[in-house]
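Asks: Sequential numbering of the sequence shown, starting at 17, is according to this note's numbering. In this text, a Cβ means the ideal position worked out from N, Cα and C, and glycines have one as well.
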Amino acid sequence: MSTTSPERLQLPIEGMTCASCATRIEKRLNKLEGVEATVNYATENAAVTFDPARVAPEDLVAAVEAAGYQARLAPQGEEAAEQVEIDPAAPLRRRLIVSAALSLPVLLLAMIEPLQFDYWQWLSLQLATPVVLWGGWPFHRAAWLNLRHATATMDTLISVGTLAAWGWSLVALFFLGAGETGMTMGFDLVLSRAETAEHLYLEVAAVVTTFILAGRYFEVRAKRQAGAALRALLELGAKEVSVLDADDCERRIAIDELEAGDRFVVRPGEKIATDGVVEEGSSAVDKSLLTGESMPVEIQPGDE
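1. Can you give me the start and stop residues for the beta strand (DSSP E) that Gln-26 sits inside?
2. Determine the burial state of Gln-86: buried for a count of at least 16 other Cβ atoms within 10 Å of its Cβ, exposed for fewer.
3. Counting only the same chain and skipping the five closest in sequence on each side, list residues whose C-beta sits under 6 Å from that of Ser-140.
4. Output the distance between the C-alpha atoms of Glu-74 and Asp-264, rounded to the nearest integer angstrom.
5. Between Val-220 and Val-51, what straight-line distance do the alpha-carbon atoms span, to the nearest angstrom?
6. Looking at Ala-35 and Trp-57, is the spacing between their C-beta atoms short of 7 Å?
7. Do you know how far the Cα of Val-294 is from the Cα of Val-259?
8. Give the list of continuous alpha helix (DSSP H) stretches no shorter than 4 residues that lie fully inside the stretch 74-147.
9. If we count Cβ pairs, one from each stretch, closer than 8 Å, do we get three or more for the stretch 229-248 versus the stretch 110-120?
10. Which residues mark the beginning and the end of the beta strand (DSSP E) in which Ala-180 is found?
11. Is the beta carbon of Ala-222 sitting closer than 7 Å to the one on Val-282?
12. Would you mind stating whether Arg-40 and Thr-65 have Cβ atoms separated by less than 7 Å?
13. On the three-state DSSP scale, how would you describe Ala-159?
14. For Asp-67, which of Thr-59, Leu-76, Glu-60 and Asn-61 has the nearest alpha-carbon?
15. How long is the line joining the alpha carbons of Asp-291 and Lys-43, rounded to whole angstroms?
16. List the DSSP bridge partners of Glu-52.
17. Given a cut-off of 7 Å, decide if Ala-53 and Asn-46 are closer than it, judged by their beta-carbon atoms.
18. Our contact map puts Gly-151 next to Thr-226 with C-beta atoms below 8 Å; I'd like the distance itself, whole angstroms only.
19. Count Cβ pairs between the stretch 158-169 and the stretch 236-248 that sit closer than 8 Å; are there 3 or more?
20. Looking only at its chain, what residues have a beta carbon closer than 8 Å to the beta carbon of Ala-105, apart from the 5 residues adjacent to it on each side?
21. Assign Glu-30 to buried or exposed, taking buried as 16 or more other Cβ atoms, counted over all protein chains shown, within 10 Å of its Cβ.
22. Straight-line CA distance for Asp-278 to Glu-266?
23. Quick check on the DSSP output: the alpha helix (DSSP H) that includes Glu-42 runs from which residue to which?
24. Looking at Arg-88: is its Cβ nearer than 7 Å to the Cβ of Pro-28?
25. Taking the alpha carbon of Trp-136 as the point to measure from, which residue in Met-32, Glu-314 and Ala-194 has its own alpha carbon closest?
Written out as structure tokens, the structure is:
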């Protein structure tokens, strides 16, 4: 049995697209001997407690990468202070702007028959192809990684759907007569059997990719803003706490090392480290963040 004390670390994870991704990574980490992990999809972090005698931090990164995602060890000390935060929404924003600009003419040409000039369908193919392949690359890449690990996520559905619509349009253009001069395509809610063979779905592939990109971009931006607000709130909390040992001697420890059942001292003017039950003493506590009351509340032994 190992006698080393467990260590804790926060492991930033990239590539998660839904809650099932977090569950998959969590299961993979918890399979490692001496590891207890909780993965938060919203913050894109894994809180890991591990036995350094059995598992190295690099093993944790390798386990995440084996599941098809990216992980890195968070910088510590001066490196963390010097690190410049990268906006994760920036690449999606570029893909979204370009995809939207290319998709709009494809949609208009497909929906409005008077705009369809000779060989308009080939122009639509040239405009839609970068949207489907380059704009939708994050979905295709995630789908491929999941396929390699015999799993499927929402990215798999997006990738298969857009590539199927784009691929069928290629077949129709090159082999089924949809690329001939004078070909037109009206907007019909129901297609006849004769029209199905020559019908193109380039606008479907391009517009669906653009809309999914927009949703993913706003999701990433909202998560980043929520994470920043949460970090700012945590910065207001206590960083250290005075814990009482069995012989009632005080020792200062980091707030992260506080465990359930520990007894700690809160002096006048100090921030309360965490939730708990008052054993001794009395004071007035500001509970405005919990109850909304602006006035301090008197607490006595037995109060929470």
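Replies: Quick look at the numbers:
1. As a first step, residue 26 must be located in the sequence shown, where it is residue number 10. First-last of the beta strand (DSSP E) with Gln-26: 23-30.
2. Taking the first residue of the sequence shown as 1, we reach residue 86 at position 70. That one is exposed.
3. Along the sequence shown, one-based indexing puts residue 140 at 124. So the qualifying residues of the chain are Val-122, Leu-125 and Leu-218.
4. As a position in the sequence shown, residue 74 is number 58, starting the count at 1. As a position in the sequence shown, residue 264 is number 248, starting the count at 1. For Glu-74 and Asp-264, the distance between alpha carbons rounds to 39 Å.
5. Mapped onto the sequence shown, residue 220 falls at position 204. Mapped onto the sequence shown, residue 51 falls at position 35. Rounded to whole angstroms, Val-220 to Val-51 spans 46 Å at the Cα level.
6. As a first step, residue 57 is located in the sequence shown; it is residue number 41 there, counting from the start. As a first step, residue 35 is located in the sequence shown; it is residue number 19 there, counting from the start. The residue asked about is misnamed: residue 57 is Tyr in this sequence, not Trp. Cβ distance < 7 Å, so Tyr-57 and Ala-35 count as in contact.
7. Counted from its first residue, the sequence shown places residue 259 at position 243. Counted from its first residue, the sequence shown places residue 294 at position 278. Rounded to the nearest angstrom, the two C-alpha atoms are 14 Å apart.
8. 94-98, 105-127 and 136-146
9. yes
10. Taking the first residue of the sequence shown as position 1, residue 180 is located at position 164. Where Ala-180 is concerned, there is no enclosing beta strand (DSSP E), although the alpha helix (DSSP H) it sits in stretches over 170-191.
11. Numbered from its first residue, the sequence shown carries residue 222 at position 206. Numbered from its first residue, the sequence shown carries residue 282 at position 266. Their beta carbons are not under 7 Å apart, which means Ala-222 does not touch Val-282 by this criterion.
12. Position 24 of the sequence shown, counted from the first residue, corresponds to residue 40. Position 49 of the sequence shown, counted from the first residue, corresponds to residue 65. Result no, Cβ atoms of Arg-40 and Thr-65 do not sit closer than 7 Å.
13. As a position in the sequence shown, residue 159 is number 143, starting the count at 1. Correct three-state label for Ala-159: helix.
14. Working through the sequence shown from its first residue, we reach residue 67 at position 51. That would be Leu-76, whose Cα lies nearest to the Cα of Asp-67.
15. In the sequence shown, counting from the first residue as 1, residue 291 sits at position 275. In the sequence shown, counting from the first residue as 1, residue 43 sits at position 27. Going from the Cα of Asp-291 to the Cα of Lys-43 covers about 29 Å.
16. Walking along the sequence shown from the start, residue 52 turns up at place 36. Bridge partners of Glu-52: Thr-65.
17. Reading the sequence shown from its first residue, position 30 is the one you call residue 46. Reading the sequence shown from its first residue, position 37 is the one you call residue 53. Yes, the Cβ-Cβ distance between Asn-46 and Ala-53 is below 7 Å.
18. Locating residue 151 in the sequence shown gives position 135, where the first residue counts as 1. Locating residue 226 in the sequence shown gives position 210, where the first residue counts as 1. Rounded, the Cβ-Cβ distance is 7 Å, consistent with contact.
19. no
20. Residue mapping note: residue 105 aligns to position 89 of the sequence shown, counting from 1. Result list for Ala-105: Tyr-233, Val-236, Arg-237 and Arg-240, in chain order.
21. Residue numbering aside, residue 30 sits at position 14 when the sequence shown is read from its first letter. Exposed: under 16 other Cβ atoms inside 10 Å.
22. Taking the sequence shown and counting its residues from 1, the one referred to as residue 278 is at position 262. Taking the sequence shown and counting its residues from 1, the one referred to as residue 266 is at position 250. Looking at the two C-alpha atoms, the distance is approximately 12 Å.
23. Here residue 42 corresponds to residue number 26 of the sequence shown, with the count starting at 1. First-last of the alpha helix (DSSP H) with Glu-42: 35-46.
24. In the sequence shown, counting from the first residue as 1, residue 88 sits at position 72. In the sequence shown, counting from the first residue as 1, residue 28 sits at position 12. The answer is yes: Cβ separation under 7 Å.
25. Here the question's residue 136 lines up with position 120 in the sequence shown. Cα-wise, what sits closest to Trp-136 is Ala-194.
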